[in-house]
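Visitor: Taking the working numbering, the leading residue of the sequence shown gets 377, the next gets one more, and so forth. No residue lacks a Cβ here, since even glycine has one placed at the ideal position from N, Cα and C. A quick note: this is a predicted structure, and the numbers were derived from the prediction, not measured. Before I ask anything, here is the structure I am working with.
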Amino acid sequence: AYTLCLPETHLLTTPPYSGPAAIDFVNLAGWLLSTCRTVDDVRTAVQSTPIWNAPVSRLWPSGTPMPAHLEPLEDVAFTEHLAVHDAHGRNLVVEFVDGATKVYDNPAGVLTNSPTFPWHQTNLRNYVGLTNQESPAYNLMGMPVTATGNGSGLLGLPGDVTPPSRFVRATVLTQVADAPMATREAVNQAFHSLDLVSVPRRIAASGDYTQWYVVRDHATPTYYVRSYEGWTTDSHDLHQLGVTGDGPRRVLPLPDATG
């Protein structure tokens with residue numbers, strides 16, 4: 377489970393004072409990962425549990441000064457939607473919009489930032505003709521016209537780095553990719569696909585860029601991580617980390633250019 381930016385998110389900014397215990401949004405993904413095994417469990421949990429959106433200042437440890445660079449965010453609440461995947465290959469999207477918890481099946485398993493998931497799904501209707509098959513030659517008023525090269529079936533695939541365009545590219549890549557025969561092949565293919573939807577540094581003047589890449593094997597479960605600064609891949613078998621609910625918190629460094 378992970379979250380991505382969705383400014384359309386609307387949740388209570390104070391916890392309810394009656395009924396079941398509430399979960400604050402910033403801890404939602406961790407709570408679901410620690411209590412749910414399947415997307416069906418997640419669907420039940422988010423629809424039966426009050427969820428509220430605490431501003432950063434409410435979540436900061438009491439008595440600990442907030443760093444200066446975070447002070448402008450002290451009254452800001454998180455606005456994101458949630459992507460969920462399980463070991464059976466099933467996927468959900470959870471959004472909190474218009475005062476309601478909305479849960480969507482996500483057959484392609486793809487999600488990017490804003491707009492909402494239904495908007496992204498509707499936008500796919502603009503690209504129904506995209507295919508990895510080459511466009512056939514045709515006759516234009518007596519002149520034979522053929523495609524200029526490989527990939528002609530994907531003419532019209534958006535190439536910018538906005539969330540809607542990256543959603544379309546990720547969906548198409550997911551549909552046309554070969555079914556991998558082994559874990560190593562699957563991980564390698566996933567990283568190549570991520571290259572085509574990542575945001576390079578300085579492509580946006582705001583400074584936003586893809587700082588790291590993650591490929592998850594939900595069956596093992598193993599995390600494969602690459603940072604922007606280097607192409608070495610770190611793998612972390614979650615069963616081997618030895619993390620327990622009452623044990624110390626562990627921080628795993630991102631690989632850099634030197635490995």
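For Y600 versus S611, is the C-beta spacing smaller than 7 Å?
Guide: To locate residue 600, count along the sequence shown from 1; it is residue 224. To locate residue 611, count along the sequence shown from 1; it is residue 235. Contact: yes.
Visitor: With H, G and I counted as helix, E and B as strand and the rest as coil, what does DSSP make of P520?
Guide: Here the question's residue 520 lines up with position 144 in the sequence shown. Strand.
Visitor: What residue does the alpha helix (DSSP H) around N564 start on, and which one ends it?
Guide: Here residue 564 corresponds to residue number 188 of the sequence shown, with the count starting at 1. Segment 559-571, the alpha helix (DSSP H) holding N564.
Visitor: So, helix, strand or coil for G635, using DSSP?
Guide: Counting from 1 along the sequence shown, the entry for residue 635 is found at position 259. Note that G635 has pLDDT 47, beneath the 50 cutoff, so the model's placement of it is unreliable and no number is given.
Visitor: With a threshold of 8 Å, are at least 3 pairs of Cβ atoms found where one atom belongs to the stretch 377-389 and the other to the stretch 455-471?
Guide: These segments touch.
Visitor: Given this structure, state the Cα-to-Cα distance separating G635 from V415, to the nearest angstrom.
Guide: By 1-based counting over the sequence shown, the position of residue 635 is 259. By 1-based counting over the sequence shown, the position of residue 415 is 39. With a pLDDT of 47 at G635, under the threshold of 50, the predicted position of this residue should be treated as unreliable, though the coordinate-derived value follows. Whole-angstrom Cα-Cα distance: 35 Å.
Visitor: Just checking: is the beta-carbon of A523 within a distance shorter than 7 Å of some beta-carbon in chain C?
Guide: The structure shown contains no chain C; it is built from a single protein chain.
Visitor: In the DSSP assignment, find the alpha helix (DSSP H) that holds V415 and state where it starts and stops.
Guide: By 1-based counting over the sequence shown, the position of residue 415 is 39. 415-424 is the extent of the alpha helix (DSSP H) around V415.
Visitor: For G376, I'd like the list of residues in its chain whose CB is within less than 6 Å of its CB, leaving aside the five on either flank, ordered along the chain.
Guide: In the structure as shown, the chain starts at 377 and stops at 635, and residue 376 therefore has no counterpart that could be examined.
Visitor: Three or more C-beta pairs under 8 Å: does that hold for the stretch 485-500 against the stretch 410-427?
Guide: Segments in contact, no.
Visitor: Nearest CA to the CA of R560: which residue from R592, P483, P441?
Guide: On the sequence shown, position 184 is the one that residue 560 refers to. Cα-wise, what sits closest to R560 is R592.
Visitor: Just list the alpha helix (DSSP H) runs in the stretch 485-518, keeping only unbroken ones of 4 residues or longer that don't cross its boundaries, in chain order.
Guide: Those alpha helix (DSSP H) runs which fall completely within the stretch 485-518 and span 4+ residues are 493-499.
Visitor: Using 8 Å for Cβ pairs, my map puts V521 next to Y514. What's the rounded Cβ distance?
Guide: Locating residue 521 in the sequence shown gives position 145, counting from the first residue. Locating residue 514 in the sequence shown gives position 138, counting from the first residue. Indeed they touch by this definition, with Cβ atoms about 6 Å apart.
Visitor: Find the nearest neighbour of D481 within the set T550, V469, W607, judged by alpha-carbon distance.
Guide: On the sequence shown, position 105 is the one that residue 481 refers to. Out of T550, V469, W607, V469 has the C-alpha closest to the C-alpha of D481.
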